[in-house]
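Engineer: Next up is a structure, given as structure tokens.
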Amino acid sequence: MPKEFTVPPVVFPSGVTASTTTASGGTPMSSASNVQHRRVPTAPFQPQRPPSSSIPFMSFDIGYAASTSTSSSSLSSSYPPPHLKPDAFFLDEPPLLEELEISPTLIWRKTRSLLNPFRVNSALHEDPDLSGPFLYYVAFGIFQLLAGKVQFGVILGWIVISSIFLYSIINFLAGKNGNLDLYRCCSVVGYCLMPIVMFSALSLLFPVKGTAGFVISGLFVIWATRVCSRLLVDTTAFGVSEHLGLIGYPCFLVYTLFSLLVLF
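Okay, here's the thing in structure tokens:
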């Protein structure tokens, strides 16, 4: 006689209770065979998006991401406005050299005014600047470096000390009426270094040793002394032209020191 076993009820996801009995012959019988045994798929977890964010954060919503990228691309395509050219936003911007207060044209004009030591245009040097002197300082240091002498610090230190030295002498001579400032004095001393820079460049091509070297260096020193003393006198409004020789002497000492850097 076949045995019958009672199976406990099984609860399906749909909430339907089904009891299964074993009939004679060992074949299981289901009273709820029409109930689906597969669980209904649920949507993946999506965290809540921040209200101010336009980028889907850890989201699998492809439609939302596509709409967001479409809106951002349309926004970027509409900026800048089509009636304005891309470079129209930079038309009002001044050039970089103008923002740095560097005028290559003025530097070239000041340099040309010093080529003739007997006709110096002092009016161009009424507006002092340090861009030209810095250019001569770098050129002088590079020429000395090509000659095997690393003297950038020495040149810069001598320029500063020489400017302070000449500034003090001229203001002592002028007394209370002196109007020469240190900035203008540095500008004049730096621009008048041009003959010494030319002498340094010339020494790379031709030997300047011996008596010929001293004679050539003396010519360049006299050239620098002449233009420096004339500019220092003309750019001051208190009129010390009677002391031109007295001002020229310290200028001669200053540029003699720079010429000795080239000779030795």
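Numbering (numbering that gives the first Met the number 0), first residue to last: 0 to 263. For each residue, glycine too, the CB sits at the ideal point set by N, CA and C.
Taking the C-alpha atoms as reference points, what is the distance between L123 and C250?
Structural biologist: Against the sequence shown, residue 123 aligns to sequence position 124. Against the sequence shown, residue 250 aligns to sequence position 251. The straight-line gap from Cα to Cα measures roughly 20 angstroms.
Engineer: Rounded to whole angstroms, what's the CA-CA distance from T255 to P103? Just pull it up for me.
Structural biologist: Within the sequence shown, residue 255 is the residue found at index 256, counting from 1. Within the sequence shown, residue 103 is the residue found at index 104, counting from 1. Roughly 28 angstroms between the two C-alpha positions.
Engineer: Less than 7 angstroms between C-beta atoms, sequence neighbours within five positions excluded: which residues of the same chain meet that for Y269?
Structural biologist: Beyond the ends of the chain as shown, which are 0 and 263, falls residue 269; an answer cannot be given.
Engineer: Helix, strand or coil, according to DSSP, for T110 in the structure here?
Structural biologist: Stepping through the sequence shown from its first residue, residue 110 is reached at position 111. Three-state result, T110: helix.
Engineer: Assuming I169 and T224 make a contact with CB atoms under 8 angstroms, what is their CB distance in whole Å?
Structural biologist: Sequence index remark: in the sequence shown, residue 169 carries index 170 (1-based). Sequence index remark: in the sequence shown, residue 224 carries index 225 (1-based). I169 to T224, Cβ: 15 angstroms. No contact.
Engineer: If I'm right that V187 touches L231 with Cβ under 8 angstroms, what's the distance once you round it to whole angstroms?
Structural biologist: Along the sequence shown, one-based indexing puts residue 187 at 188. Along the sequence shown, one-based indexing puts residue 231 at 232. At roughly 6 angstroms, the Cβ-Cβ gap stays under 8 angstroms, so V187 and L231 are in contact.
Engineer: Give the list of continuous beta strand (DSSP E) stretches no shorter than 3 residues that lie fully inside the region 161-225.
Structural biologist: Runs found: none.
Engineer: Nearest by alpha-carbon distance to V261: which of H242, S162 and L203 is it?
Structural biologist: Taking the first residue of the sequence shown as position 1, residue 261 is located at position 262. Considering only alpha carbons, the answer is L203.
Engineer: Is I158 buried or exposed, if buried means 16 or more other CB atoms sit within 10 Å of its CB?
Structural biologist: Stepping through the sequence shown from its first residue, residue 158 is reached at position 159. I158 should be labelled buried.
Engineer: For C191, I'd like the list of residues in its chain whose CB is within less than 6 angstroms of its CB, leaving aside the five on either flank, ordered along the chain.
Structural biologist: As a working mapping, residue 191 is identified with position 192 in the sequence shown. Counting only Cβ-Cβ distances below 6 angstroms, and skipping sequence neighbours, we find A223, V226 and C227.
Engineer: What's the gap between the Cα of L144 and the Cα of V220?
Structural biologist: Locating residue 144 in the sequence shown gives position 145, where the first residue counts as 1. Locating residue 220 in the sequence shown gives position 221, where the first residue counts as 1. Distance between the alpha carbons of L144 and V220 is about 21 angstroms.
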